[in-house]
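Engineer: Before anything else, here's the structure in question.
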Amino acid sequence: MLKVPAVTYKRGFTLIEALIVIAIILILISIALPNFLEAQMRAKVARVRSEFRSIEAALMSYRIQNPRFPFAEPRGSAPYLRKTGYTHGVTIDLLKELTTPTKFIERVNFTDPFIASSIRDPYGNIISHYFYLNYETFAYWRSPPLDKQKDYFEGWALCSFGPDLRDSGCSWLPWIEKKERRIAAEGIYSPTNGTRSLGDLAGYGGFIPAAVGMMAK
Numbered sequence: 279m280l281k282v283p284a285v286t287y288k289r290g291f292t293l294i295e296a297l298i299v300i301a302i303i304l305i306l307i308s309i310a311l312p313n314f315l316e317a318q319m320r321a322k323v324a325r326v327r328s329e330f331r332s333i334e335a336a337l338m339s340y341r342i343q344n345p346r347f348p349f350a351e352p353r354g355s356a357p358y359l360r361k362t363g364y365t366h367g368v369t370i371d372l373l374k375e376l377t378t379p380t381k382f383i384e385r386v387n388f389t390d391p392f393i394a395s396s397i398r399d400p401y402g403n404i405i406s407h408y409f410y411l412n413y414e415t416f417a418y419w420r421s422p423p424l425d426k427q428k429d430y431f432e433g434w435a436l437c438s439f440g441p442d443l444r445d446s447g448c449s450w451l452p453w454i455e456k457k458e459r460r461i462a463a464e465g466i467y468s469p470t471n472g473t474r475s476l477g478d479l480a481g482y483g484g485f486i487p488a489a490v491g492m493m494a495k
């Protein structure tokens, strides 16, 4: 007598089991994603600080060989920059004096990883680089010059928009502290306030008020 082999059927996932698997996957993603984003944010902050240190070294080397820190002129002569809307600083890619004729640094076109794509300069150009300001710029700002008021000093600032993706005015802080004797600490990013807290990432050098320089460390 022939035996007919039994037919076996492989059971697939039921709807409930599939939903449970999906729920577990979503839970794992919800746990891992914030940690990934935090790590990514910390990496960007570390990159900015590292590039600031490289630029600072170049600025100090430049100053040893020159009577002042460089002015980054976007076009034309120095007075053009110092009498226009660039008093908050210019983008670091314009700091050609650090690469030509003496190469104090390999390049100056450092891109700010925190800058929004919609930010534009007074001429409508999209901004994508760090800001740099030489504080002697204020000696030539407006008319007449501010020399007698001593609203300028030998020093510089580097600014990144930071994780809040907006300008918090870090380039103005040393000037505010020197002129008004007050610290606008909210303009400086601090990771102790949270990875995505407000404020700019800043670097300062030269004869800036010590209290401001300490905030940027």
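When you line the sequence shown up against my numbering, it's residues 279 to 495, in that order.
Backbone N, C-alpha and C define an ideal beta-carbon position, used for all residues, glycine too.
Quick check on DSSP: helix, strand or coil for T503?
Structural biologist: Because the chain spans 279 through 495 in this model, residue 503 falls outside it and cannot be assessed.
Engineer: Assign I486 to one of three DSSP states: helix, strand, or coil.
Structural biologist: Of the three classes helix, strand and coil, the one that applies to I486 here is coil, per DSSP.
Engineer: Pull up the CB-CB distance for F388 and I404, whole angstroms please, since I reckon it's below 8 Å.
Structural biologist: That pair is no contact at about 16 Å.
Engineer: Grouping DSSP H, G and I as helix and E and B as strand, with all else coil, what is G363?
Structural biologist: For G363, the predicted model reports a pLDDT of 48, less than 50, meaning its position is unreliable; a value from the coordinates is still stated below. G363 falls in the helix class under three-state DSSP.
Engineer: Mapping DSSP to helix, strand and coil, what is L304?
Structural biologist: Helix.
Engineer: With distances taken Cα to Cα, identify the nearest neighbour of L436 among D442, A317, I486, T470.
Structural biologist: Minimum Cα distance to L436 is reached at I486.
Engineer: Sort W450, T380, Y340 by Cα distance to G481 and report the nearest one.
Structural biologist: Ranking W450, T380, Y340 by Cα distance to G481 puts W450 first.
Engineer: Would you mind giving the Cβ-Cβ distance between W434 and Y467, rounded to the nearest angstrom? I have them listed as a contact below 8 Å.
Structural biologist: Contact flag wrong, Cβ pair sits at about 18 Å.
Engineer: Looking only at its own chain, which residues have a Cβ that is under 7 Å from the Cβ of E334, when we skip the five neighbours before and after it?
Structural biologist: Closer than 7 Å at Cβ, skipping near neighbours: G481, G483.
Engineer: Label I393 either buried or exposed according to how many other C-beta atoms from any shown protein chain fall within 10 Å of its C-beta, with 16 as the threshold for buried.
Structural biologist: Label assigned to I393: buried.
Engineer: For the beta strand (DSSP E) that L436 lies in, which residues bound it at each end?
Structural biologist: Looking at the DSSP string, the run of the beta strand (DSSP E) that includes L436 is 433-438.
Engineer: How close, in whole Å, do the beta carbons of P345 and L376 come, if the pair is a contact with beta carbons under 8 Å?
Structural biologist: 16 Å between Cβ atoms; not a contact.
Engineer: Since N412 is in the beta strand (DSSP E), which residue starts that stretch and which ends it?
Structural biologist: Start and end: 409-412.
Engineer: At the level of alpha carbons, what is the spacing between I342 and S332?
Structural biologist: Their Cα atoms are separated by approximately 16 Å.
Engineer: Going along the chain, which residues of its own chain have a beta-carbon closer than 7 Å to the beta-carbon of L373, five neighbours each way excluded?
Structural biologist: Excluding sequence neighbours, L373 sits near P348, A350, V386, Y410.
Engineer: Buried or exposed for S328, going by 16 or more other Cβ atoms inside 10 Å?
Structural biologist: Per the 10 Å Cβ criterion, exposed.
Engineer: Starting from L311, follow its DSSP beta bridges and name the residues at the other end.
Structural biologist: Answer is none; L311 lacks a bridge partner.
Engineer: For D406, collect the residues of the same chain with a Cβ closer than 7 Å to its Cβ; drop the 5 residues on either side in sequence, then sort them by chain order.
Structural biologist: Reading the sequence as shown, one finds Ser at residue 406 and not Asp. Closer than 7 Å at the Cβ level, and outside the excluded window around S406, lie T389, D390, I393.
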